[in-house]
Amino acid sequence: MDARLLEILACPVCKGTLIYRREEDVLVCRMDRLAYPIRDGVPVMLEEEARQLSADDPLLEH
453 MDARLLEILA CPVCKGTLIY RREEDVLVCR MDRLAYPIRD GVPVMLEEEA
503 RQLSADDPLL EH
């Protein structure tokens with residue numbers, strides 16, 4: 453994931469910061485507890501494509 457792209461991407465729901473999780477190939481919004489998939493190197497920033505995370509999901513950890 454390109455670092456410059458990460459700087460400009462924001463959660464489409466709350467406009468908050470996203471965290472890149474390389475191992476799972478997702479972008480995580482902690483505020484909304486959503487994980488946006490990255491397919492073929494392209495972030496899929498659609499709310500309906502995001503996976504809802506439980507409050508204790510390891511992806512939400514620092």
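Residue 453 is where the sequence shown starts when you use this note's numbering, and the numbers rise one by one after that.
Using N, Cα and C, we set each Cβ at its ideal position, and we do this for glycine too.
Residue j beta carbon less than 8 Å from that of residue i
i	j	result
Cys-463	Leu-470	yes
Leu-486	Ala-507	no
Val-453	Gly-468	In the sequence on display, residue 453 carries Met and not Val. Their beta carbons are not under 8 Å apart, which means Met-453 does not touch Gly-468 by this criterion.
Val-494	Tyr-488	no
For residue j and residue i, believed in contact at Cβ under 8 Å, the rounded distance
i	j	result
Val-478	Ile-490	6 Å
Leu-505	Leu-511	6 Å
Helix, strand or coil at residue i according to DSSP, with G and I counted as helix
i	result
Pro-510	helix
Leu-479	strand
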